[in-house]
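Working notes, beginning with the structure itself.
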Amino acid sequence: MATPVKRTSLEEILLKHELLSPTQLSECMQRAESTATPLREILLEEGLVKEEPLARAIAEQFGLPFEPLHEFRVDPDFFSTIPVEWMHRQPFAPLSSQDGFLTIAVTDPQNLRAIDELELLLGQEVRLVVTTKTAIEDGLAASEGNKQALTRIQAELHPVLVKEDDKGEEILSVESISRDQSPVVKLVDTIILSALQKHASDIHIEPNENSIEVKFRIDGVLYPAMEPLAPSVHSSLISRLKIMSELDISERRIPQDGRFKLHVEKRTVDFRVSILPSVFAESIVIRVLDKSSITTGVGGLNLDVMGYPPEDLRRFRRAITRPYGMVLVTGPTGSGKTTTLYGALNEVHSPEDKIITIEDPVEYQLGGIVQIPVNEKKGLTFARGLRSILRHDPDKIMVGEIRDAETAQIAIQSALTGHLVFTTVHANNAFDVISRFVNMGIERFNFVSSLSCILAQRLVRAICPYCKVPVPADPDLCRDSGIDYERAKTYTFYEGKGCHECNGLGFKGRRAITEFLDVNESIKEMILTERTSSEIHNAAFAQGMTTLRQNAVQKVIRGETTLREINRVTPIEDIG
Numbered sequence: 001m002a003t004p005v006k007r008t009s010l011e012e013i014l015l016k017h018e019l020l021s022p023t024q025l026s027e028c029m030q031r032a033e034s035t036a037t038p039l040r041e042i043l044l045e046e047g048l049v050k051e052e053p054l055a056r057a058i059a060e061q062f063g064l065p066f067e068p069l070h071e072f073r074v075d076p077d078f079f080s081t082i083p084v085e086w087m088h089r090q091p092f093a094p095l096s097s098q099d100g101f102l103t104i105a106v107t108d109p110q111n112l113r114a115i116d117e118l119e120l121l122l123g124q125e126v127r128l129v130v131t132t133k134t135a136i137e138d139g140l141a142a143s144e145g146n147k148q149a150l151t152r153i154q155a156e157l158h159p160v161l162v163k164e165d166d167k168g169e170e171i172l173s174v175e176s177i178s179r180d181q182s183p184v185v186k187l188v189d190t191i192i193l194s195a196l197q198k199h200a201s202d203i204h205i206e207p208n209e210n211s212i213e214v215k216f217r218i219d220g221v222l223y224p225a226m227e228p229l230a231p232s233v234h235s236s237l238i239s240r241l242k243i244m245s246e247l248d249i250s251e252r253r254i255p256q257d258g259r260f261k262l263h264v265e266k267r268t269v270d271f272r273v274s275i276l277p278s279v280f281a282e283s284i285v286i287r288v289l290d291k292s293s294i295t296t297g298v299g300g301l302n303l304d305v306m307g308y309p310p311e312d313l314r315r316f317r318r319a320i321t322r323p324y325g326m327v328l329v330t331g332p333t334g335s336g337k338t339t340t341l342y343g344a345l346n347e348v349h350s351p352e353d354k355i356i357t358i359e360d361p362v363e364y365q366l367g368g369i370v371q372i373p374v375n376e377k378k379g380l381t382f383a384r385g386l387r388s389i390l391r392h393d394p395d396k397i398m399v400g401e402i403r404d405a406e407t408a409q410i411a412i413q414s415a416l417t418g419h420l421v422f423t424t425v426h427a428n429n430a431f432d433v434i435s436r437f438v439n440m441g442i443e444r445f446n447f448v449s450s451l452s453c454i455l456a457q458r459l460v461r462a463i464c465p466y467c468k469v470p471v472p473a474d475p476d477l478c479r480d481s482g483i484d485y486e487r488a489k490t491y492t493f494y495e496g497k498g499c500h501e502c503n504g505l506g507f508k509g510r511r512a513i514t515e516f517l518d519v520n521e522s523i524k525e526m527i528l529t530e531r532t533s534s535e536i537h538n539a540a541f542a543q544g545m546t547t548l549r550q551n552a553v554q555k556v557i558r559g560e561t562t563l564r565e566i567n568r569v570t571p572i573e574d575i576g
């Protein structure tokens with residue numbers, strides 16, 4: 001293979017295109033020389049040059065074409081001739097093969113040793129184009145290789161139980177999947193890796209009469225993860241997951257809950273497993289808790305990134321900076337309540353305060369905060385833990401969830417005796433929280449006296465910014481959504497058409513919609529005098545409160561989400 005001709009230095013190209021200043025370049029070059037680190041890695045690590053402009057500069061340096069590989073998929077035929085672990089290890093992506101040449105996309109055309117090794121192994125001369133590492137990784141993750149690998153795995157699958165190592169961990173990587181000789185382990189590992197690549201929050205394995213469905217929950221919605229598996233796979237699949245979770249593999253008639261931990265690509269990921277017997281066989285849901293990446297995000301999390309309406313955010317921030325009282329966040333499971341509480345704790349945390357939390361479980365760790373996991377099997381309930389917490393002289397307390405009257409009473413007393421208490425409760429909206437506590441048997445006066453505010457929230461999927469396109473208002477959809485069509489025609493609506501960045505879903509990420517009730521003196525008085533719900537509603541709206549639905553519609557008008565999406569998570573109101 002002919003060595004690419006070096007036309008000019010990377011440094012000169014960077015300066016020519018004004019990608020960074022001479023001073024910045026000089027400092028980076030000195031650091032690269034002192035640490036024996038390639039200059040391009042220093043530039044990316046410091047965030048001085050974005051990945052794509054740097055790749056274009058490298059392509060220009062070696063006189064090679066640049067390919068962005070947008071919505072790229074590897075031709076499935078390549079997976080039968082080139083091991084996928086080779087592609088990840090270099091990394092590279094095969095683009096085409098013609099006239100005796102294999103064209104591949106690489107990030108480092110100077111890595112001649114790897115290129116020569118590839119030519120030798122494939123028996124084919126290689127031609128290069130330059131792209132970014134992210135483009136290669138995304139292309140490989142989105143390609144059909146995983147599906148074909150699963151087909152081969154199913155073909156050779158037979159019941160095998162594999163014991164874990166001494167640490168109780170499975171070390172997962174693309175290379176280890178190829179090396180492992182047990183098909184059932186390959187299948188489980190491939191499902192888990194695929195879920196991590198697609199940022200799924202849950203893995204659902206559902207047995208039917210003639211197949212096994214595997215689904216991922218992404219941004220709150222279930223999607224098929226792969227082609228249905230054969231029913232014969234189920235027994236081995238369940239056994240493997242039970243062994244990983246240290247559950248009883250012989251018990252198939254009662255629910256079981258467990259957990260396991262895997263080390264994946266230099267980070268640790270926790271998984272919570274729930275097994276439920278169904279008509280056809282046991283059904284499994286695996287909750288994915290990627291602590292390392294989430295902890296990084298939580299450590300720098302503040303309430304600004306949640307997408308709250310500005311007025312609700314201003315009022316909520318004012319409530320969480322009060323010296324005492326109860327801050328209640330409500331919503332169904334998966335509505336972002338825990339993330340909101342962590343964002344609030346981050347904003348109010350200071351070295352002068354002692355903050356203690358009790359949670360079930362402790363999903364994300366925060367520095368400088370004492371976090372206690374509930375362990376009901378050992379007798380550590382929310383109520384018992386909360387009593388012990390008060391003996392540790394905390395300034396602020398977070399109770400993961402109020403589930404019973406005993407926990408509610410202790411939390412209320414804590415708020416009344418000078419503590420700021422953050423907690424959650426399940427209710428449909430801010431006003432339903434009041435009746436929920438009354439139905440628990442809580443004394444209305446104590447509850448209202450302790451209450452500072454109630455924040456009800458939901459999460460809606462955000463339109464993918466990479467494939468976002470304007471669409472005309474649909475009269476039928478507007479009518480079904482309680483929106484006046486003539487008025488809707490004056491707005492621009494958007495949808496995601498589906499692309500590589502969002503895995504073809506049209507949505508990427510989620511945003512919060514809220515309903516904030518500031519429990520001020522006038523609202524407290526109305527609750528204590530047992531005024532009707534409609535009267536309290538009207539008083540709150542007169543003070544500037546907006547409903548979940550109103551905030552959701554505003555997000556549609558701003559082009560952040562769609563009408564169909566808000567109809568999925570909020571009840572339809574006739575708002576004109």
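Numbering (the UniProt record's numbering), first residue to last: 1 to 576.
Ideal placement from N, C-alpha and C gives every residue a C-beta, glycine not left out.
Nothing here was measured: the structure is a model prediction, and the numbers come from that model.
In terms of Cα proximity to residue 136, the closest of 82, 184, 73, 103 is 73. Residue state for residue 185 is assigned as helix, using DSSP reduced to three classes.
Counting only runs of at least 3 residues, the region 267 to 333 fully encloses the following beta strand (DSSP E) elements, listed from N- to C-terminal order: 267 to 277, 282 to 289, 325 to 330. The shortest C-alpha to C-alpha distance from residue 24 to any of 49, 9, 38, 8 is the one to 49. With fewer than three CB-CB distances shorter than 8 Å, the region 446 to 457 does not count as touching the region 483 to 502.
Excluding residues up to 5 positions away in sequence, 425, 427 lie with their Cβ nearer than 7 Å to the Cβ of residue 436 in the same chain. Take residue 32, set aside five residues on each side of it, and the residues of its chain with a beta-carbon closer than 7 Å to its own are 38, 39, 42, in chain order. For a cut-off of 8 Å, the C-beta gap from residue 68 to residue 52 is around 7 Å, short enough to register as a contact. Three or more beta-carbon pairs separated by less than 8 Å link the region 459 to 468 to the region 555 to 567, which places the two stretches in contact. Residue nearest to residue 248 within the set 341, 549, 282 is 282 (criterion: CA-CA distance). Between residue 306 and residue 345, the C-beta gap is not smaller than 8 Å, which leaves the two residues out of contact. Within the model, the alpha-carbon separation for residue 63 versus residue 268 is close to 41 Å.
Annotation: residue 506 to residue 406 spans about 45 Å, alpha carbon to alpha carbon. Within the same chain, Cβ atoms closer than 6 Å to the Cβ of residue 244 are found at 260, the five residues on either side in sequence being excluded.
Counted as a single uninterrupted DSSP element, the stretch harbouring residue 256 is not any alpha helix (DSSP H) but the beta strand (DSSP E) occupying residues 256 to 264. The Cβ-Cβ distance between residue 493 and residue 470 falls below 8 Å. Its Cα nearest to that of residue 198, the residue 288 stands out among 122, 127, 569, 288.
Residue 491 is classed as exposed because its beta carbon has fewer than 16 other beta carbons within 10 Å across all chains shown. Under the DSSP assignment, residue 476 falls in the alpha helix (DSSP H) whose first and last residues are 475 to 480. In this model, residue 342 and residue 539 are separated by some 30 Å (Cα to Cα). Here residue 17 has 53, 57 as same chain residues with Cβ atoms under 8 Å from its own Cβ, once five neighbours each way along the sequence are excluded. Per DSSP, reduced to three states, the secondary structure at residue 513 is strand.
The beta carbons of residue 355 and residue 393 sit about 12 Å from each other, so the pair does not count as a contact at 8 Å. Residue 338 holds the alpha-carbon nearest to the alpha-carbon of residue 457 among 338, 442, 195.
Minimum Cα-Cα distance from residue 445 among the listed residues 521, 387, 390, 384 corresponds to 521. Leaving aside the five residues that flank residue 504 on each side, the residues in its chain whose CB is nearer than 8 Å to its CB run, in chain order, 498.
Segment contact: the region 313 to 328 against the region 416 to 424, three or more CB-CB distances shorter than 8 Å; contact assigned. Distance from residue 209 to residue 215 at the Cβ level is roughly 17 Å; contact not present, criterion being Cβ atoms closer than 8 Å.
When secondary structure is reduced to three states using DSSP, residue 385 falls in the helix class. For residue 519, the three-state secondary structure derived from DSSP is coil. If you look at residue 202, you'll find it in the beta strand (DSSP E) that goes 202 to 207.
By the CB criterion at 8 Å, residue 527 and residue 412 fall outside the cutoff. Under DSSP, residue 420 takes part in a beta bridge, and its partners are 325, 396. In the DSSP assignment, residue 62 falls within the alpha helix (DSSP H) that extends over 51 to 62. The region 408 to 466 is shown to contain whole alpha helix (DSSP H) runs of 4 or more residues at 430 to 439, 444 to 450, in chain order.
Taking the Cα of residue 371 as reference, the smallest distance to any Cα among 363, 358, 383, 380 is reached at 358.
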